[in-house]
């Protein structure tokens, strides 16, 4: 009877280790991607240098102010921020991961920080 428990415990332990490795293989790339997108404040669209110039001249709000405005509208983790010029006006597109695991895209007027559009991303 004790040998049955011994082999059962070994099997459970081996299964737990295998599951831990699989979970790690899934979570590690996701964690790396999350850090990568968090570190990359502005991707496509206008360059970071252009964004800094526009912010310094008062033509647009700083990235810090836009991220605060976006998080006030939709709490969560900012995944990506992009500054684009559309129809002659600058617009920040901010992607946020909410606490339910849903990704939202917010479009904010870059000069005022006012919400233009918010939708769940695919």
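Numbering (my numbering), first residue to last: 1 to 122. Just so you know, even glycine gets a beta-carbon here, dropped at the ideal spot from N, CA and C. Please read all numbers here as calculations on a predicted model, not as lab measurements.
Cβ-based burial, residue i [other Cβ within 10 Å; buried from 16]
i	result
residue 102	exposed
residue 14	exposed
residue 69	buried
residue 112	exposed
residue 64	exposed
Alpha helix (DSSP H) segment containing residue i, residue limits
i	result
residue 64	63-73
N- and C-terminal bounds of the beta strand (DSSP E) containing residue i
i	result
residue 89	89-97
residue 54	Counting along the chain, residue 54 falls outside any beta strand (DSSP E), though it belongs to the alpha helix (DSSP H) covering 48-56.
residue 78	77-86
residue 120	115-120
residue 102	Counting along the chain, residue 102 falls outside any beta strand (DSSP E), and DSSP gives it neither H nor E.
Backbone CA spacing between residue i and residue j [nearest angstrom]
i	j	result
residue 96	residue 88	25 Å
residue 92	residue 104	13 Å
residue 98	residue 51	26 Å
residue 116	residue 67	15 Å
residue 80	residue 94	6 Å
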